[in-house]
Every structure is written in structure tokens, then in C-alpha cells.
Amino acid sequence: HFGAVVTQIPPADVGLPVHERRHQSLAFLSSSFVRSMSPWSTIDKEAFAILISCKRLMYLLLWSRGFRIFTDHRNAVCF
């Protein structure tokens, strides 16, 4: 399973540490991997989850002045 959350912050919070920003939730997304994806490596699954989440939520991301992706998987930090 994987999930994604899209939030926005007030412009005044941009320079603050992430945990101090006042995040306002805009959208939530969750999905499951199909059986054929079971043998995929962890990094492939992480990348797929990011790609699908961005694709499905693009209508929100297109209107932003840029966006950041936060992940809890250390190997995906290079994106």
C-alpha cells in the first residue's frame, strides 16, 4: 500500500522548518500495488508511488509555484 497527502502552506511559512509550517491539507490519495508488482525492489515501489501520486494529483500541483516531495524512505531521497 502507499499513500500521499498534498498540503499547502502560507507564504510566510516558507522559510520555517517543515514541522513548524502550518500545513493545510488539500488532498489525500491511497492505493495498493497489484500482485505482479510484488517482486519489484523497494526503491522501484517508492518511485512508482511518487510517480502515480504526482500524476493523479497533477491538477493541484500545476497551479503551485513548485512543490516538494517528502518521503519516509531513505533510498528515495535522491529524487
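If you're matching positions, the sequence shown starts at 1 in full-length UniProt numbering and goes up one per residue. No residue lacks a Cβ here, since even glycine has one placed at the ideal position from N, Cα and C.
Taking residue i as part of the beta strand (DSSP E), name the residues at either end of that continuous run.
i: Phe48; result: Run containing Phe48: none in the beta strand (DSSP E); it sits in the alpha helix (DSSP H), 42-56.
i: Val6; result: 2-8
i: Phe28; result: 24-31
Going along the chain, which residues of its own chain have a beta-carbon closer than 6 Å to the beta-carbon of residue i, five neighbours each way excluded?
i: Gly3; result: Ser30
i: Met37; result: none
i: Val18; result: none
Quick one: is residue i buried, meaning 16 or more other Cβ sit within 10 Å of its Cβ, or exposed?
i: Ser32; result: exposed
i: Ser53; result: buried
Going along the chain, which residues of its own chain have a beta-carbon closer than 7 Å to the beta-carbon of residue i, five neighbours each way excluded?
i: Ala49; result: Phe2
i: Arg21; result: Ile9, Asp13
Within the same chain, show all residues whose beta-carbon is closer than 8 Å to that of residue i, passing over the 5 residues directly before and after it, in chain order.
i: Val5; result: Ser25, Ala27, Phe28, Leu29
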